[in-house]
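To start, the structure itself, in structure tokens.
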Amino acid sequence: MPNEPLIRWNWVAGHLDEIGGALGQHVYLTSIAIALGLAISLGLALVAHRYRRTEAPITWVAGVIYTIPSLALFVVLIPVTGLSTTTSEVGLVGYTLLILIRNILAGLDGVPADVLEAADAMGLTRPQRLLRVELPMALPVVMAGVRIATVTTIGLVTVTALIGQGGLGQLMLAGFINLFPTEIYVGAILSVVLAVAADAALLLLQRALTPWTRASATRP
Amino acid sequence: MQVVAWLADPAHWQGTDGIPVRILEHVEASGLSVLAAAVIALPIGLAVGHSGRGAFVIGSLANLGRALPSFALLLMLIPVAVNLRLDFSTWPILGAMVLLAIPPMITNAHAGLRGVDRDLVEAARGMGMSGPQVLLRLELPLALPVILTGVRLAAVQVVATYTLGAVAGGGGLGRYIYDGFARQDTPRMLAGAGLVALLAIATDVVFELVARITAPHGLAAGERSGGMEPTGVAISGPGV
Amino acid sequence: MRHPVRVLPVFDTQQPVLSRRAATVAFEHVTKRYGRRVDGLAAVNDLSLFVPAGATCVLVGPSGCGKTTSLKMVNRLIEPTGGRILIDGQDVATRDTTELRRGIGYVIQQVGLFPHATIAENVAVVPRLLGWASARRRERADELLRLVGLEPGQYMNRYPSELSGGERQRVGVARALAADPPLLLMDEPFGAVDPIVRSRLQDELLRLQRELGKTILFVTHDIDEAIKMGDLVAVMREGGTLAQFAPPADLLAHPASEFVARFVGADRALKRLTLHRVNELPLVSVTEATLGEPVGDVRRREGGRLSRWLLVVDDRRVPVGWADSNGLPDPVTVEGSVVTGLSPLLRRDTTLHDALSLLLDGAVRSGIVVDDAGRAQGLVSIEEIMALLHDEGDLGPAAGSATPGRSSSVTGG
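Laid out in structure tokens, this is it:
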């Protein structure tokens, strides 16, 4: 490694395929984790919202999973699911749970009491109220959670390189093993860029889905 | 089963690769990093929080801290260490840990101070307290729960990050995971995973206790836990 | 033109916006207790009253009197522990809750508009639940916004956060009327806006009621609002008992108990004046003299005798002031120079309360009644006001008794 430049650009130019592949895998792993994580979190959060007693245990379990170092979590799953994408995904999904469940609950709790009362009094059934009032109103907070979870997951995917997947993490690891800084830096920088881009894209999505949050209050 | 047997084996409790040694390495490295980061982060966070300016920078910092994967940071620092002729199995990981510990502590110190009721600050000023006095006697005690939460988040983050240090040749409990994986020694690998998980949870619990003890009396129960759920788990970067 | 009652969801664009369907509401020994003990705290205690179709019944009382609880038992947001509530003779407990609520309009103080929906979508919530087509829902929203005084083009696609408090409450009322319910429940609907807006909204609601004639149950803690809005007023006291149930005039003239008398206020006689208008008083005729007219012409018109004071008017018969006919020889023309001050001008629809206030303000005993064009019609005096109250009863011997019809010697300002 001595005298090796941090990034050797002609290598980059010559290996765009490989880089693209790693990026693609990274996006793939992240998307599945977020999609699954959102689905599971939504279910769990709705249960916790409806049956308040389950809120503490559910959030506690999600919290414990979150505290466990990721490498440890992935490794513990190996005897169960082997060295496969499944192992990674289970771990990645697990890490999204706390953030998403928290945010969904916070969003639902943030619906003002008078809106709920009006909804009940107008004759909306419970499911209608949830679908037409509570969830849409919770959307901004939920989307904020999705953004955080996405950025976090993108970071965690790099660790899965140690168990055989990893997307951009594989580039980085290869760079380390081969004493080739370029791969390290390309992988690292791209993962940051990916995270920032994903965050921005989701922010735009959030704005598009919630036009009422941008309506300016003209008078009190 | 096998993991329990592995843990029960007295041979694994002795020597430089023994459980106590590894645990100590892990705790030492984590503690040092948190301390070093605190020395840098807390003054900055408190200063910005007290003055109220620079909120945008703080926000960006938080996002940046989240977007930068610890694994990437670790690997990026290795060539740097090599170029500086530093031991690349110790310094990069420590550097990564310190860098990752800084954002949560700054943002929480800032948030904690910002969260102090402005009316109280005004009243204190009105009574003739100087700037530093207001900070020390009013804002800090009230902001303490949130500030502590920041340190707690950083600590848990750091404990998890050190696990990855084993990849570059570092020590700590990550060593068991990495070696176990490489040698296909599953009990070792799982024992390491279990131990580090327990260490991370224990760190979190210890901070929870500290929070409960140090919270200023007279604050409502909700405020005492520093904005954290009764489950006692904080939110920030995950245990990577 | 009245149309027969239609059953929803039939909709004919030839029809007026809303029908005059109105329901009757009956409370039969309704009780609400919290806690397990039979003698636990009663929020509402044995409430019985009957509201005829098309009437506005106001539930009024101090906090803790159970008025809001009573209201919420009608649409079953709260379930009674005893007794029953009947709408059009049918016990609400026997009806499906959801279907019941879709047939009752509900307006609350905080309005509770859905922030994430446009005004049009907000107004059309119940129609949508009832399965109306979107074009029809849009039309209905349009009509209703107009009805509550909001220009549809301006408001349909806005979000609630862009509207002021008064505008939001109008939307709330529109929303409550959307499915043309025969009954409206209103819980302190105007409590969250400033007094000027509140007064305007109250007037609007009164106007709507005149057009629609729906049954309204209205909760407020403000006795003045109760008197203004209600055809029937139910005064409740702490512990949830009914203290008095009567039309506002009766309530003010004959309070049933010490509590009611206190609640209504020591100024209840003055409050009664808000219920009457100038057009209920006899007008005293007055001699008019037009500017520029010679005094002699006036005398001849009067048949030779001239009253002491002449009301000087301009050529449009708008009052200008008074002139003392003493010391005005016939040849003299009535001009600006002989005019002294002007009495307060009153309209026929001015409440007696406001009329009295104006007279007291001007420190005079009579006011000049004018029509819409400002032309003088006659005079009314303080004595006449007192006489009206006296005739209604409960005032005791009137001081300075005045009998109706007597033309008093008027005193100019």
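As given, the protein sequences belong to chains V, Z and D, one line each in that order. In terms of this note's numbering, the first sequence has 1490 at position 58, counting the first letter as 1, and numbering is strictly consecutive. In terms of this note's numbering, the second sequence has 541 at position 111, counting the first letter as 1, and numbering is strictly consecutive. In terms of this note's numbering, the third sequence has 324 at position 299, counting the first letter as 1, and numbering is strictly consecutive. Glycine is no exception: its CB is placed at the ideal position from the N, C-alpha and C atoms.
From Asp634(Z), Thr616(Z) and Gly601(Z), residue whose alpha carbon lies closest to that of Ile449(Z): Position 19 of the second sequence, counted from the start, is the residue given in the question as residue 449(Z). Checked all of Asp634(Z), Thr616(Z) and Gly601(Z); the closest Cα to Ile449(Z) is Gly601(Z).
Residues of chain D with CB closer than 7 Å to the CB of Pro1568(V), please, in chain order. Taking the first residue of the first sequence as position 1, residue 1568(V) is located at position 136. By Cβ distance, chain D contributes His141.
For Asn100(D) versus Ile129(D), is the C-beta spacing smaller than 8 Å? The residue given as residue 100(D) occupies position 75 in the third sequence. The residue given as residue 129(D) occupies position 104 in the third sequence. Yes, the Cβ-Cβ distance between Asn100(D) and Ile129(D) is below 8 Å.
Could you list the residues in the stretch 1569 to 1585 of chain V with a C-beta less than 8 Å from some C-beta on chain Z, going in chain order? Listed in sequence order: Ile1580, Val1583 and Thr1584.
Which of helix, strand or coil does DSSP assign to His54(D)? Mapped onto the third sequence, residue 54(D) falls at position 29. Strand, per DSSP.
If contact means a Cβ-Cβ distance below 8 Å, which residues of the stretch 1602 to 1620 of chain V contact chain Z? So the close ones are Met1604, Leu1605, Gly1607, Phe1608, Pro1613, Ile1616, Tyr1617, Gly1619 and Ala1620.
Go through the stretch 1484 to 1551 of chain V residue by residue and report every complete run of the beta strand (DSSP E) that reaches 3 residues or more, in order. Taken in chain order, the stretch 1484 to 1551 of chain V contains no complete beta strand (DSSP E) segment of 3 residues or longer.
Give the residues from the stretch 1519 to 1540 of chain V that approach chain D closer than 7 Å (Cβ to any Cβ), ordered along the chain. For the stretch 1519 to 1540 of chain V, which is checked against every Cβ of chain D, not one residue is closer than 7 Å.
By the three-class DSSP mapping on this structure, what secondary structure does Met261(D) have? As a first step, residue 261(D) must be located in the third sequence, where it is residue number 236. Correct three-state label for Met261(D): strand.
Leaving aside the five residues before and after Arg372(D) along the sequence, list all residues of the same chain whose C-beta is less than 8 Å from its C-beta, in chain order. Along the third sequence, read from residue 1 onward, the residue named residue 372(D) stands at position 347. Cβ-Cβ distances below 8 Å link Arg372(D) to Val303, Val394, Val395, Asp396 and Asp397 in the same chain, with the five nearest sequence neighbours on each side left out; the list follows chain order.
Taking only beta-carbon positions, decide if Ile508(Z) is within less than 8 Å of chain A. The structure shown contains no chain A; its protein chains are V, Z and D.
Give the residues of chain D in contact with Leu1562(V), contact being defined as C-beta atoms less than 8 Å apart. On the first sequence, position 130 is the one that residue 1562(V) refers to. Within 8 Å Cβ-Cβ: nothing; Leu1562(V) doesn't reach chain D, min ~13 Å.
Are the C-beta atoms of Leu33(D) and some chain V residue less than 8 Å apart? Working through the third sequence from its first residue, we reach residue 33(D) at position 8. Any reading at Leu33(D) is ruled out, since the residue's pLDDT is 41, under 50, leaving its predicted position unreliable.
Going by beta carbon distance, what residues of the same chain come within less than 7 Å of Gly238(D), once the five residues before and after it are set aside? What you label residue 238(D) is simply residue 213 of the third sequence in a count that begins at 1. So the list reads Arg45, Ala47 and Gly79, once near-sequence residues are dropped.
Could you check whether Val1543(V) and Ala1570(V) sit closer than 8 Å to each other, using their CB atoms as the reference points? By one-based count along the first sequence, residue 1570(V) stands at place 138. By one-based count along the first sequence, residue 1543(V) stands at place 111. Yes, the Cβ-Cβ distance between Ala1570(V) and Val1543(V) is below 8 Å.
For a contact meaning CB atoms closer than 7 Å, what does Val626(Z) contact in chain V? The residue labelled residue 626(Z) in the question sits at position 196 within the second sequence. Within 7 Å Cβ-Cβ: Pro1501 and Ala1504.
Determine the chain Z residues that contact Val1444(V) at a beta-carbon separation under 9 Å, and present them in chain order. Mapped onto the first sequence, residue 1444(V) falls at position 12. Here the premise fails: no neighbours, minimum Cβ distance about 16 Å.
Per DSSP, the bridge partner or partners of Ser391(D): On the third sequence, position 366 is the one that residue 391(D) refers to. For Ser391(D), which the question treats as bridged, DSSP gives the partners Ser406(D).
Does DSSP classify Asn1442(V) as helix, strand or coil? Within the first sequence, numbered from 1, the residue matching residue 1442(V) stands at position 10. Helix, per DSSP.
Whole alpha helix (DSSP H) elements within the stretch 112 to 162 of chain D, 4-residue minimum: Within the stretch 112 to 162 of chain D, the complete alpha helix (DSSP H) segments of 4 residues or longer fall at 122 to 127, 144 to 148 and 150 to 154, listed in chain order.
When you compare the CB positions of Leu1515(V) and Ile1595(V), do they come within less than 8 Å of one another, or not? Locating residue 1515(V) in the first sequence gives position 83, counting from the first residue. Locating residue 1595(V) in the first sequence gives position 163, counting from the first residue. Their beta carbons are under 8 Å apart, which means Leu1515(V) touches Ile1595(V) by this criterion.
Does Leu154(D) have its Cβ less than 8 Å from a Cβ in chain V? The count along the third sequence starts at 1 and reaches residue 154(D) at position 129. Any Cβ of chain V closer than 8 Å to the Cβ of Leu154(D) would place that residue at the interface, and such an atom is present.
Please state whether the Cβ-Cβ distance between Met1604(V) and Ala598(Z) is less than 8 Å. What you label residue 1604(V) is simply residue 172 of the first sequence in a count that begins at 1. What you label residue 598(Z) is simply residue 168 of the second sequence in a count that begins at 1. No, these two residues do not count as a Cβ contact at 8 Å.
Inspect the beta-carbon positions of Val320(D) and Leu367(D) and report whether they are closer than 8 Å. The residue given as residue 320(D) occupies position 295 in the third sequence. The residue given as residue 367(D) occupies position 342 in the third sequence. Going by C-beta atoms, Val320(D) is not nearer than 8 Å to Leu367(D).
Taking just the CA atoms, how far does Met527(Z) sit from Leu594(Z)? Mapped onto the second sequence, residue 594(Z) falls at position 164. Mapped onto the second sequence, residue 527(Z) falls at position 97. Cα to Cα, Leu594(Z) sits roughly 10 Å from Met527(Z).
How about Ala630(Z) and Pro1501(V): are their beta carbons less than 8 Å apart? Within the second sequence, the letter at position 200 stands for residue 630(Z). Within the first sequence, the letter at position 69 stands for residue 1501(V). Going by C-beta atoms, Ala630(Z) is nearer than 8 Å to Pro1501(V).
DSSP on Asp71(D), reduced to helix/strand/coil? Mapped onto the third sequence, residue 71(D) falls at position 46. Reduced to three states, the DSSP call for Asp71(D) is strand.
Are Pro214(D) and Ile133(D) closer than 8 Å when you measure CB to CB? The residue you call residue 214(D) lines up with position 189 of the third sequence. The residue you call residue 133(D) lines up with position 108 of the third sequence. Going by C-beta atoms, Pro214(D) is nearer than 8 Å to Ile133(D).
Check whether the stretch 444 to 459 of chain Z touches the stretch 1578 to 1598 of chain V, taking contact to mean three or more Cβ pairs, one atom from each stretch, closer than 8 Å. Counting Cβ pairs under 8 Å, fewer than three are found: no touch.
DSSP beta-bridge partners for Arg109(D)? To locate residue 109(D), count along the third sequence from 1; it is residue 84. DSSP lists Glu53(D) as partners of Arg109(D).
Write down the C-beta distance between Ala278(D) and Leu267(D) rounded to the nearest angstrom, noting that I regard them as a contact closer than 8 Å. As a working note, residue 278(D) is residue 253 in the third sequence. As a working note, residue 267(D) is residue 242 in the third sequence. At roughly 19 Å, the Cβ-Cβ gap does not stay under 8 Å, so Ala278(D) and Leu267(D) are not in contact.
Taking 8 Å as the cut-off, decide whether the C-beta atoms of Ala485(Z) and Ile532(Z) are in contact. Position 55 of the second sequence, counted from the first residue, corresponds to residue 485(Z). Position 102 of the second sequence, counted from the first residue, corresponds to residue 532(Z). Against a cut-off of 8 Å, the Cβ pair of Ile532(Z) and Ala485(Z) comes out as no contact.
Out of Gly317(D), Tyr59(D) and Leu154(D), which has the shortest C-alpha to C-alpha gap to Arg341(D)? Sequence index remark: in the third sequence, residue 341(D) carries index 316 (1-based). Taking only the C-alpha atoms, the option nearest Arg341(D) is Gly317(D).
Along chain V, in chain order, which residues have C-beta atoms closer than 8 Å to that of Tyr10(D)? There is simply no residue 10(D) to check, as chain D begins at 26 and stops at 438 in what is shown.
Interface residues of chain D around Val1565(V) at Cβ under 7 Å? Taking the first sequence and counting its residues from 1, the one referred to as residue 1565(V) is at position 133. Phe139, listed in chain order.
Which two residues bound the contiguous alpha helix (DSSP H) that contains Met211(D)? As a first step, residue 211(D) is located in the third sequence; it is residue number 186 there, counting from the start. In the DSSP assignment, Met211(D) falls outside any alpha helix (DSSP H) and within the unbroken beta strand (DSSP E) covering Leu208 to Asp212.
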